[in-house]
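Right, one structure below, let's go through it.
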Amino acid sequence: KNQVEQSPQSLIILEGKNCTLQCNYTVSPFSNLRWYKQDTGRGPVSLTIMTFSENTKSNGRYTATLDADTKQSSLHITASQLSDSASYICVVRGPSYNTDKLIFGTGTRLQVFP
Amino acid sequence: DAGVIQSPRHEVTEMGQEVTLRCKPISGHDYLFWYRQTMMRGLELLIYFNNNVPIDDSGMPEDRFSAKMPNASFSTLKIQPSEPRDSAVYFCASSLSGSGTPDNEQFFGPGTRLTVL
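So the protein sequences, as listed, match chains A and R.
For the first sequence, my numbering begins at 681 and goes up steadily by one.
For the second sequence, my numbering begins at 5 and goes up steadily by one.
If you want it as structure tokens, here you go:
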């Protein structure tokens, strides 16, 4: 079982609409959780990072939330644009004393149509 | 800074051939990571280095894969012999911080798309 699971696998929305992507993880304890955006043919780029004590973090139209009790995170995209079409990957880092390895979800593929 | 540089961007080779992928990390970064990405499995960590020393290679699929980092500005991932199931996008990433530091963003290169026929 993957330690970081994302849903949905893919999502299609119309330009201007909002959407929410989900990430459930079992990594415990953890140092931080990041959301990455990966455009087609490019490497992933970090959108937000949250530590254990943070509940929400915004980056423009992107807002990430974290519930450490239920081990869930979400990424909310407001007023979607065509440029939001990409894969969004949830990444959890294990405890800082353990390893520098990151645990990646398999991503949600978002397509925004005009 | 130009970011993480990878070459080649695309590689097509025949089964059995040797493949060498190259990476130049961001100057000053002391961690370097090699990942493989496929549709089925997503991003998988193959190996990572700290100060040019391999720290964890448990993700390397088998002996056909090897990685080196002869200096702080260059790393290679070699597959010999290559097989069709090695077809994937291979990413190199680098970061500045390590254990004990919460903000450890990894900066990814553009990737090398490998096709083994």
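Each residue gets a CB set at the ideal place from its N, CA and C atoms; glycine is no exception.
None of these values were measured; they are calculated from a predicted model.
Reduced DSSP category for A:Ser-763 - H, G, I as helix; E, B as strand; rest coil: As a position in the first sequence, residue 763 of chain A is number 83, starting the count at 1. A:Ser-763: helix per DSSP, three-state reduction.
Tell me the rounded alpha-carbon separation between R:Leu-118 and R:Ser-79. Along the second sequence, one-based indexing puts residue 118 of chain R at 114. Along the second sequence, one-based indexing puts residue 79 of chain R at 75. R:Leu-118 and R:Ser-79: Cα-Cα distance of roughly 17 Å.
Compare the C-alpha of R:Phe-37 against each of R:Ala-97, R:Gly-115, R:Val-120 and name the closest. For the purposes of this step, residue 37 of chain R is taken as residue 33 along the second sequence, with counting starting at 1. Answer by Cα proximity: R:Ala-97.
Tell me which residue opens and which closes the beta strand (DSSP E) that A:Lys-751 is part of. Walking along the first sequence from the start, residue 751 of chain A turns up at place 71. From DSSP, A:Lys-751 is part of no beta strand (DSSP E); its letter is neither H nor E.
Quick one: list the residues of chain A neighbouring R:Pro-114, beta-carbon separation under 8 Å, in chain order. Position 110 of the second sequence, counting from 1, holds the residue named residue 114 of chain R. The contacting residues are Gly-721, Arg-722, Gly-723.
Quick one: is A:Val-772 buried, meaning 16 or more other Cβ sit within 10 Å of its Cβ, or exposed? To locate residue 772 of chain A, count along the first sequence from 1; it is residue 92. A:Val-772 should be labelled buried.
Sequence-distant residues of the same chain with beta carbon closer than 6 Å to A:Leu-782, five excluded per side: One-based indexing of the first sequence puts residue 782 of chain A at position 102. Excluding positions up to five away in sequence, the list reads Val-771, Arg-773.
Would you please state the rounded distance, in angstroms, between the beta carbons of A:Leu-755 and A:Leu-701? I believe it to be under 8 Å. Numbered from its first residue, the first sequence carries residue 755 of chain A at position 75. Numbered from its first residue, the first sequence carries residue 701 of chain A at position 21. Right, the Cβ-Cβ distance comes to about 5 Å (below 8 Å), so this counts as a contact.
Leaving out five residues on either side along the sequence, give the residues of the same chain with a beta carbon under 7 Å from the beta carbon of A:Ser-765. What you label residue 765 of chain A is simply residue 85 of the first sequence in a count that begins at 1. Excluding positions up to five away in sequence, the list reads Leu-790, Gln-791, Val-792.
Would you tell me roughly how many angstroms separate the C-alpha atoms of A:Ala-744 and R:Met-19, rounded to the nearest one? As a working mapping, residue 744 of chain A is identified with position 64 in the first sequence. As a working mapping, residue 19 of chain R is identified with position 15 in the second sequence. Approximately 43 Å, taken between the alpha carbons.
Exposed or buried, R:Glu-22, counting other C-beta atoms within 10 Å across all chains shown (16 or more means buried)? In the second sequence, the residue the question calls residue 22 of chain R occupies position 18. The residue is exposed, with fewer than 16 neighbouring Cβ atoms inside 10 Å.
What is the DSSP secondary structure of R:Pro-58, reduced to helix, strand or coil? The residue labelled residue 58 of chain R in the question sits at position 54 within the second sequence. Looking at R:Pro-58 - three-state DSSP - the assignment turns out to be strand.
Contact list for the region 14-32 of chain R against chain A, Cβ threshold 8 Å: none
With distances taken Cα to Cα, identify the nearest neighbour of A:Leu-691 among A:Gln-683, A:Gly-740, A:Ser-767, A:Phe-784. Translated into the one-based positions of the first sequence, residue 691 of chain A becomes position 11. Comparing Cα-Cα distances from A:Leu-691 to each of A:Gln-683, A:Gly-740, A:Ser-767, A:Phe-784, the minimum goes to A:Ser-767.
Taking DSSP as the reference, what is the three-state secondary structure of R:Gly-7? If you number the second sequence from 1, residue 7 of chain R lands on position 3. Of the three classes helix, strand and coil, the one that applies to R:Gly-7 here is coil, per DSSP.
What distance in whole Å lies between the Cβ atoms of A:Thr-728 and A:Tyr-742, which are believed to be in contact at a cut-off of 8 Å? Here residue 742 of chain A refers to the residue found at position 62 when the first sequence is read from its first residue. Here residue 728 of chain A refers to the residue found at position 48 when the first sequence is read from its first residue. Contact holds; Cβ gap of about 6 Å.
Does the CB of R:Phe-95 have a neighbour CB from chain A at under 8 Å? As a position in the second sequence, residue 95 of chain R is number 91, starting the count at 1. Judged by the 8 Å Cβ criterion, R:Phe-95 is in contact with chain A.
May I ask you to list the residues that DSSP assigns as paired with R:Phe-78? In the second sequence, residue 78 of chain R corresponds to position 74, counting from 1. According to DSSP, R:Phe-78 bridges with R:Asn-75.
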